[in-house]
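For reference, the structure is listed below as structure tokens.
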Amino acid sequence: MARVAASASTVHVHFYCTHHNPQIKKPKMHSLRRGTGGRSSFSGIVATVFGSSGFLGRYVCNRLGKIGTQLILPYRGDAGDMLPLKLCGDLGQVLFQPYNLKDDESIYKSLMYSNTVINLVGRDWETKNYSFDDVHVEGARRIARIAKEAGVETFIHLSSMNVTEKPEPFMLPKGSKWLASKWAGENAVREEFPEAVIIRPSDIYGQEDRFLRYYCNNFRRTFDMIPLYKKGEFTEKQPVYAGDVAAGIVAACRDRTVRGEIIQAVGPNRYLLSELVDWFFRVTRLDDGCKRYDMRYDPLFQLRVSLLPYFSLGFPLGNIHWERVERENFSDAVDNRIKTLEDLGVKLTKMEDQVPWELKIFKRYTYYEAELGEFEEPSPPRVIQV
Numbered sequence: 000m001a002r003v004a005a006s007a008s009t010v011h012v013h014f015y016c017t018h019h020n021p022q023i024k025k026p027k028m029h030s031l032r033r034g035t036g037g038r039s040s041f042s043g044i045v046a047t048v049f050g051s052s053g054f055l056g057r058y059v060c061n062r063l064g065k066i067g068t069q070l071i072l073p074y075r076g077d078a079g080d081m082l083p084l085k086l087c088g089d090l091g092q093v094l095f096q097p098y099n100l101k102d103d104e105s106i107y108k109s110l111m112y113s114n115t116v117i118n119l120v121g122r123d124w125e126t127k128n129y130s131f132d133d134v135h136v137e138g139a140r141r142i143a144r145i146a147k148e149a150g151v152e153t154f155i156h157l158s159s160m161n162v163t164e165k166p167e168p169f170m171l172p173k174g175s176k177w178l179a180s181k182w183a184g185e186n187a188v189r190e191e192f193p194e195a196v197i198i199r200p201s202d203i204y205g206q207e208d209r210f211l212r213y214y215c216n217n218f219r220r221t222f223d224m225i226p227l228y229k230k231g232e233f234t235e236k237q238p239v240y241a242g243d244v245a246a247g248i249v250a251a252c253r254d255r256t257v258r259g260e261i262i263q264a265v266g267p268n269r270y271l272l273s274e275l276v277d278w279f280f281r282v283t284r285l286d287d288g289c290k291r292y293d294m295r296y297d298p299l300f301q302l303r304v305s306l307l308p309y310f311s312l313g314f315p316l317g318n319i320h321w322e323r324v325e326r327e328n329f330s331d332a333v334d335n336r337i338k339t340l341e342d343l344g345v346k347l348t349k350m351e352d353q354v355p356w357e358l359k360i361f362k363r364y365t366y367y368e369a370e371l372g373e374f375e376e377p378s379p380p381r382v383i384q385v
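By the numbering used here, the letter at position 339 of the sequence shown is numbered 338, and the numbering carries on one by one without gaps.
Structure below.
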């Protein structure tokens, strides 16, 4: 490496690169392509996906595997948790590599042969080992810096909609630390890898998500009532399907013209949060008794949010904690000057077409053999005209 590192850890990585694993000369992508396309071909993309075992990571890996991508999937913890991802690609095309987000050498080992790096690493709550800044800022900066030094061509970083340096406070006096750390993480990535593609998704729904299941679990409700900030009647949401976000990330891997751009990953329609929650209850047949009310005037709910994380075994029960409650109050601020998934050629999925299937496990009388027309077809939520 020609560049002299400023820190001791970077010097160590340079020494390791030079004397143990010298960087191979990367041939042109088109010279590596083999086959006619599809899972059993090679697209020319060798991608390292950090955070591949997470909710969105599984969708991204599956999409990449379908186009013949060689996948290097770093992991921490139990390697057995990664085995389902082996099926994402063809035989020998999905490789696993242990790493630590605070260890430069392990990160370099994970991306040294890749021409594409995707950073999906994130935390919804802080732990004693990792704060928001550790993961969203310093971790993202470290991955971006090492990727740049290793000669990676495409770097994609997952951020969030509504990121800002000083988030507006709703229930927390100082606002959302999560959103502030995501904003700082974007800036850190830009400093280290100026050509990085930043993806800003709104609330993502899909299998095992933390959006639909968050509002439908019993911990979020108080008996037959659900507390929302100002009853959810002043909060606008534009949720996006996980498969569409994954398709956008794959498109960004192949489209060189979007390097250095910000991509807003939002759904095709915009709704009031109150409309969405009411619709979820209609779909799950809970609308006969469930009512919304203002959480600001319920001290028992606020006490529950404060106490539930202390009764958890590694994660908050029902994903109920103050950072999640604070973030749900933000309206999705879509900037018309910034590109969206549609600019990448993604055909967006409507919530009305996907959500009823996702919520089937929460539906009352699921196993009851209903007569045709016995249950009224739930009416869809009203769309906000933009």
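Every residue gets a Cβ at the ideal spot worked out from N, C-alpha and C, and that includes glycine.
If residue i and residue j are in contact, beta carbons under 8 Å, what's the gap, nearest whole angstrom?
| i | j | result |
| --- | --- | --- |
| phenylalanine 210 | proline 166 | Not really, about 19 Å apart at Cβ, beyond 8 Å. |
| leucine 343 | glycine 247 | 5 Å |
| arginine 269 | valine 385 | 6 Å |
| lysine 362 | arginine 284 | 6 Å |
| proline 200 | alanine 264 | 4 Å |
| leucine 157 | leucine 119 | 5 Å |
| tyrosine 107 | alanine 78 | Rounded, the Cβ-Cβ distance is 20 Å, inconsistent with contact. |
Assign residue i to one of three DSSP states: helix, strand, or coil.
| i | result |
| --- | --- |
| threonine 153 | strand |
| phenylalanine 169 | coil |
| glutamine 22 | For glutamine 22, the pLDDT reaches just 43, beneath the cut-off of 50, and the residue's location in the model is therefore unreliable, although a value from the coordinates is still provided. Correct three-state label for glutamine 22: coil. |
| threonine 68 | coil |
| isoleucine 383 | strand |
| phenylalanine 314 | coil |
| leucine 371 | coil |
| alanine 195 | coil |
| aspartate 277 | helix |
| proline 267 | coil |
| arginine 220 | coil |
| tyrosine 213 | helix |
| leucine 347 | coil |
| valine 120 | coil |
| arginine 338 | The sequence given here places lysine at residue 338; arginine does not occur at that position. Strand at lysine 338. |
| leucine 358 | coil |
| glutamate 148 | helix |
| proline 97 | strand |
Rounded to a whole number of angstroms, what is the C-alpha to C-alpha distance between residue i and residue j?
| i | j | result |
| --- | --- | --- |
| histidine 29 | glutamate 207 | For histidine 29, the predicted model reports a pLDDT of 44, less than 50, meaning its position is unreliable and no value from the coordinates is stated. |
| asparagine 20 | glutamine 69 | Confidence at asparagine 20 is low in this model, with a pLDDT of 42, below 50, so its placement is unreliable and no value can be given for it. |
| threonine 348 | leucine 340 | 11 Å |
| glycine 43 | glutamine 92 | 12 Å |
| valine 333 | alanine 369 | 42 Å |
| glycine 242 | glutamate 322 | 25 Å |
| valine 196 | valine 276 | 33 Å |
| lysine 101 | threonine 47 | 17 Å |
| tyrosine 74 | glycine 88 | 17 Å |
| glycine 205 | glycine 266 | 13 Å |
| phenylalanine 310 | asparagine 318 | 12 Å |
| glycine 64 | proline 97 | 20 Å |
| isoleucine 225 | phenylalanine 314 | 22 Å |
| valine 249 | proline 355 | 26 Å |
| aspartate 289 | phenylalanine 374 | The question names aspartate, but residue 289 in the sequence shown is cysteine. If you take the alpha carbons of cysteine 289 and phenylalanine 374, they lie about 17 Å apart. |
| glutamate 357 | arginine 212 | 9 Å |
| serine 378 | glutamate 327 | 24 Å |
| leucine 371 | arginine 381 | 26 Å |
| glutamate 125 | arginine 144 | 24 Å |
| valine 45 | phenylalanine 95 | 13 Å |
| aspartate 409 | isoleucine 71 | Given that the chain is displayed from residue 0 to residue 385, the structure contains no residue 409 and the question cannot be resolved. |
| isoleucine 23 | tyrosine 112 | Unreliable positioning characterises isoleucine 23 in this predicted model, as indicated by a pLDDT of 40, which lies under 50. The coordinate reading is nonetheless provided below. For isoleucine 23 and tyrosine 112, the distance between alpha carbons rounds to 8 Å. |
| tyrosine 129 | leucine 306 | 20 Å |
| phenylalanine 49 | aspartate 287 | 44 Å |
| asparagine 216 | methionine 160 | 24 Å |
| threonine 35 | serine 51 | 26 Å |
| glutamate 376 | glutamate 274 | 16 Å |
Cutting at 6 Å between CB atoms, please list the residues of its own chain near residue i, excluding the five before and the five after it.
| i | result |
| --- | --- |
| glycine 184 | His135, Val136 and Ala139 |
| serine 39 | Asp89 |
| lysine 176 | Phe131 |
| valine 386 | Outside the displayed span of the chain (0 to 385) sits residue 386, for which this structure offers no information. |
| arginine 2 | Its pLDDT being 40, under 50, arginine 2 is placed unreliably in this model, and the coordinates cannot settle the point. |
| serine 105 | Tyr98 and Asn99 |
| lysine 173 | none |
| tryptophan 278 | Pro380 |
| glutamate 351 | Pro379 |
| isoleucine 198 | Leu157, Ile262 and Ala264 |
From the DSSP output, which residues share a beta bridge with residue i?
| i | result |
| --- | --- |
| tyrosine 366 | For tyrosine 366, which the question treats as bridged, DSSP gives no partner whatsoever. |
| alanine 251 | None; alanine 251 has no bridge partner. |
| alanine 46 | Leu70 and Thr115 |
| tyrosine 387 | Nothing can be reported for residue 387: it is not among the residues displayed for the chain, which extend from 0 to 385. |
Which residues in the same chain as residue i place their Cβ atom closer than 8 Å to its Cβ, once the five residues preceding and following it in sequence are excluded?
| i | result |
| --- | --- |
| aspartate 132 | Ser180 and Ala183 |
| alanine 245 | Leu55, Tyr58, Val59, Asn61 and Arg62 |
| leucine 299 | Thr221 |
| glutamate 235 | Arg269, Tyr270, Leu271, Leu272, Ser330, Asp331 and Ile383 |
With a CB to CB cut of under 7 Å and the five nearest residues on each side skipped, what residues in its chain are close to residue i?
| i | result |
| --- | --- |
| valine 324 | Met170 and Val304 |
| aspartate 202 | Phe210, Lys236 and Pro238 |
Any heavy atom of the ligand GDP within a distance shorter than 8 Å of the CB on residue i?
| i | result |
| --- | --- |
| valine 120 | The model on display carries no ligand, and the ligand GDP is accordingly not part of it. |
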